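**Q** This structure is in structure tokens; I'll ask about it shortly.
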Ligand code: BGC
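Numbering (our numbering), first residue to last: 78 to 771.
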């Protein structure tokens, strides 16, 4: 097996690029078999120059991280960049964080956002986007919950798949962090103990969904699962991902300390060590020569890597990737559209919102976050947009003849006096990258987890003082996930979850406050009444048990009332549900059921509604959640208009994992379908049944 000579090598790679389908596979196999062991192993790790690495200590993500690549052979490196709220390079468009986009429950919008990010990544020299984060936050206080789409595997899978579809029109999409990564501060060492059924039904389905959508890459998580580091886990990588799911893409490690051991990682199924060569350089070569790692596994990894590179080597529209597309007006408009659809109205007593300019002379805008660009975490997901519209800026621009009086809230007495003199008040509070986000070693006071979901004490007392002075008080909260409202929600008239709304967020917030936009976001996480309702969360845990129940499933099981349920969100109009019907009363394995219902806009203004479909299986032998989300549909309705929402359900979607026999089973018997505006029992009055028969 000799080294490929320069000219032959370049030709071999060109031959790969020119071939398609099976022919390309053959060309890749020929190239791999002609490559030297060194050449092959070089493909399997980060290759960013030491100078750039040093520079990136000062400005992380300044350049794409490189992996592999071989000039002599003409093989390009992978050029990695991060997300997910935009592209981490340059001054890219900053979209609302993923949790906000999860609250939009809008697949079509998410696909367009993915497409815009893919275009901006490529225009700035990257061809690999490492920002499809779909981890399930078992506890909403996970510091990086803002990077993911919500607590439910179905929602996560659908939104992740939409993002993958959009991104892969331009770049390779990498889905992360596989698997069970949902405690930030112990991410480098925590061992997540999880039984096979819980793993398969709760923590993996969304990864499978993205793999089915054709995601090119999967990033292994830092943490361990059942004793093995994820980058070494033969069970996760070889058995499930590459074996059962038939994944043909590549597995990349998470960065610093994501790979711990040469032989374990290579045997386990890791294809690329990032961001630099520590375990997969000389050590891997030695392990192959010593017979500890079969060379066939190296060949397999390189085949996957070359396959991925070849698929994205020649973009369909190379002329598209010009720098002027980065943060262009069209993408800014998309960021605005996303922010509009993601904000969730939790309370609107007496119809305080929308504010009527005609009956308002003055509006107080209060709070330390009212006039700061607050777009989320400052870790690896940081995006540096060209501008950020703050809430105050947005409100000022939209206020028209209404006088806007601003107070930063540092003195609650003064703020209350200001609020008292105005006709209404908007208080902007919440978190920043200081209180939640990625946890970076040796950097204290930045990011990390929120074991306690309460707002900061200053925020709670500011709300109390201001609301006491003016009951026409709207609280807008900027946050990456759930927070507690107990102790203050009764005092205020309206609550709006703004999330970290991206660079156009302030404008969207103002449009919702003044009624140009009708709010339509729905909570992608359960908002508890108190911390004690959630699964235990120890951010320093060395080992933790992930049980079967979390989120709304746990609330249902324990009969607990949340403050605001999963899927909940108000509108300025009202929607009615009727006419639930099923295409069949009985289903067998392989069959598909169509579920339809009518949604009508019974109010006086146009609006968008997210109809949700839940399934339950009462009376089954096996313990199952009282209900599980299995479908959702976003519809726009003019006043008085009615539309049909339609969902398809396969019998296989109802399967559970039978751990003893290592397979999925569909239990026969009666199932119930619920369609409605949220997961709250009272909201799910449309019910129908069907049976699964042998
Ligand atoms: C994060 C990943 C990220 C990587 C590269 C890691 O610390 O966990 O999500 O993609 O850095 O920036």
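We put the beta carbon where it would ideally sit given N, CA and C, even for glycine.
Predicted model only: the values in this text are computed from it and were never measured.
Beta carbon of residue 778: closer than 7 angstroms to some heavy atom of ligand 1?
**A** This structure gives no information on residue 778, because the portion of the chain shown stretches from 78 to 771.
**Q** Going by DSSP, name the residue or residues bridged to residue 641.
**A** Along the chain shown, read from residue 1 onward, the residue named residue 641 stands at position 564. Residue 641 pairs with 604.
**Q** From which residue to which residue does the alpha helix (DSSP H) around residue 186 run?
**A** For the purposes of this step, residue 186 is taken as residue 109 along the chain shown, with counting starting at 1. 184–200 is the span of the alpha helix (DSSP H), which, as asked, contains residue 186.
**Q** Are the CB atoms of residue 611 and residue 365 within a distance shorter than 8 angstroms?
**A** Taking the first residue of the chain shown as position 1, residue 365 is located at position 288. Taking the first residue of the chain shown as position 1, residue 611 is located at position 534. Contact: no.
**Q** Assuming residue 722 contacts residue 674 under a Cβ cut-off of 8 angstroms, what Cβ separation, rounded to an integer in Å, is found between them?
**A** Within the chain shown, the letter at position 645 stands for residue 722. Within the chain shown, the letter at position 597 stands for residue 674. That pair is a contact at about 6 angstroms.
**Q** What's the gap between the Cα of residue 709 and the Cα of residue 522?
**A** Residue 709 sits at position 632 when you count from the first residue of the chain shown. Residue 522 sits at position 445 when you count from the first residue of the chain shown. Cα to Cα, residue 709 sits roughly 39 angstroms from residue 522.
**Q** On the three-state DSSP scale, how would you describe residue 465?
**A** The sequence position of residue 465 within the chain shown is 388, counting from 1. Correct three-state label for residue 465: coil.
**Q** With a threshold of 7 angstroms, establish whether the CB of residue 159 neighbours any heavy atom of ligand 1.
**A** Here residue 159 refers to the residue found at position 82 of the chain shown. Taking non-hydrogen atoms of ligand 1 into account, the C-beta of residue 159 is found less than 7 angstroms away from one of them.
**Q** With a floor of 4 residues, list each alpha helix (DSSP H) that falls wholly inside the region 310–340, ordered by position along the chain.
**A** none
**Q** If you run the structure through DSSP and keep just helix, strand and coil, what is residue 376?
**A** Here the question's residue 376 lines up with position 299 in the chain shown. DSSP places residue 376 in helix when its eight states are reduced to three.
**Q** Report all residues from its chain with a CB closer than 7 angstroms to the CB of residue 450; omit the five preceding and five following residues, and keep chain order.
**A** For the purposes of this step, residue 450 is taken as the residue at position 373 of the chain shown. Hits under 7 angstroms: 465, 467.
**Q** Roughly how many angstroms separate the alpha carbons of residue 100 and residue 90, rounded to a whole number?
**A** Position 23 of the chain shown holds residue 100. Position 13 of the chain shown holds residue 90. Roughly 13 angstroms separates the two Cα atoms.
**Q** Return helix, strand or coil for residue 249, following the three-state DSSP convention.
**A** In the chain shown, residue 249 corresponds to position 172, counting from 1. Looking at residue 249 - three-state DSSP - the assignment turns out to be strand.
**Q** For the pair the region 192–207 and the region 402–411, tell me if three or more CB-CB distances fall below 8 angstroms.
**A** Contact between the region 192–207 and the region 402–411 is present: 3 or more CB-CB pairs across the two stretches fall below 8 angstroms.
**Q** Would the C-beta of residue 244 count as close to ligand 1, meaning under 7 angstroms from any of its heavy atoms?
**A** Stepping through the chain shown from its first residue, residue 244 is reached at position 167. No, the beta carbon of residue 244 sits no closer than 7 angstroms to any heavy atom of ligand 1.
**Q** Among 391, 587, 277, which residue has its Cα nearest to the Cα of residue 96?
**A** If you number the chain shown from 1, residue 96 lands on position 19. The shortest C-alpha separation from residue 96 is found at 391.
**Q** To the nearest angstrom, report how far apart residue 731 and residue 136 are at their CA atoms.
**A** Here residue 731 corresponds to residue number 654 of the chain shown, with the count starting at 1. Here residue 136 corresponds to residue number 59 of the chain shown, with the count starting at 1. Distance between the alpha carbons of residue 731 and residue 136: 47 angstroms.
**Q** Does the separation of the CB atoms of residue 716 and residue 682 fall below 8 angstroms?
**A** As a working note, residue 716 is residue 639 in the chain shown. As a working note, residue 682 is residue 605 in the chain shown. Result yes, Cβ atoms of residue 716 and residue 682 sit closer than 8 angstroms.
**Q** Distance, Cα to Cα, residue 424 vs residue 550?
**A** Taking the first residue of the chain shown as position 1, residue 424 is located at position 347. Taking the first residue of the chain shown as position 1, residue 550 is located at position 473. Cα-Cα distance, rounded: 11 angstroms.
**Q** Cβ-heavy atom distance between residue 331 and ligand 1 below 7 angstroms?
**A** Position 254 of the chain shown, counted from the first residue, corresponds to residue 331. True, at least one ligand heavy atom lies under 7 angstroms from that Cβ.
**Q** Under the DSSP definition of a beta bridge, which residues are partnered with residue 212?
**A** As a first step, residue 212 must be located in the chain shown, where it is residue number 135. Looking at the DSSP output, residue 212 bridges to nothing.
**Q** With 16 other CB atoms within 10 Å as the buried threshold, where does residue 763 fall?
**A** To locate residue 763, count along the chain shown from 1; it is residue 686. Of the residues assessed, residue 763 falls on the buried side of the cut-off, its CB having 16 or more other CB atoms within 10 angstroms.
**Q** How big is the Cα-Cα spacing for residue 350 and residue 412?
**A** Position 273 of the chain shown, counting from 1, holds the residue named residue 350. Position 335 of the chain shown, counting from 1, holds the residue named residue 412. Between residue 350 and residue 412, the C-alpha separation is close to 33 angstroms.
**Q** Between the Cα of residue 538 and those of 200, 142, 443, 369, spot the shortest distance and give me the residue it belongs to.
**A** As a working mapping, residue 538 is identified with position 461 in the chain shown. Per the Cα distances, 443.
**Q** Determine, using beta carbons only, whether residue 712 and residue 600 come nearer to each other than 8 angstroms.
**A** As a position in the chain shown, residue 712 is number 635, starting the count at 1. As a position in the chain shown, residue 600 is number 523, starting the count at 1. Contact: no.
**Q** Any heavy atom of ligand 1 within a distance shorter than 7 angstroms of the CB on residue 253?
**A** Residue 253 sits at position 176 when you count from the first residue of the chain shown. The answer is yes for residue 253.
**Q** Can you tell which of 687, 689, 200 has the C-alpha that lies nearest to the C-alpha of residue 398?
**A** Here the question's residue 398 lines up with position 321 in the chain shown. Here the closest residue by C-alpha is 200.
**Q** Would residue 596 and residue 649 qualify as a contact pair, given that the criterion is a beta-carbon distance under 8 angstroms?
**A** One-based indexing of the chain shown puts residue 596 at position 519. One-based indexing of the chain shown puts residue 649 at position 572. The answer is yes: Cβ separation under 8 angstroms.
**Q** DSSP three-state call for residue 543: helix, strand or coil?
**A** The residue given as residue 543 occupies position 466 in the chain shown. Note: residue 543 maps to helix in three-state DSSP.
**Q** Does ligand 1 have a heavy atom nearer than 7 angstroms to the CB of residue 457?
**A** Locating residue 457 in the chain shown gives position 380, where the first residue counts as 1. Correct: residue 457 has its Cβ closer than 7 angstroms to ligand 1.
**Q** Hey, quick one: how far does the beta strand (DSSP E) through residue 705 stretch, first residue to last?
**A** What you label residue 705 is simply residue 628 of the chain shown in a count that begins at 1. That run of the beta strand (DSSP E) goes 705–714.
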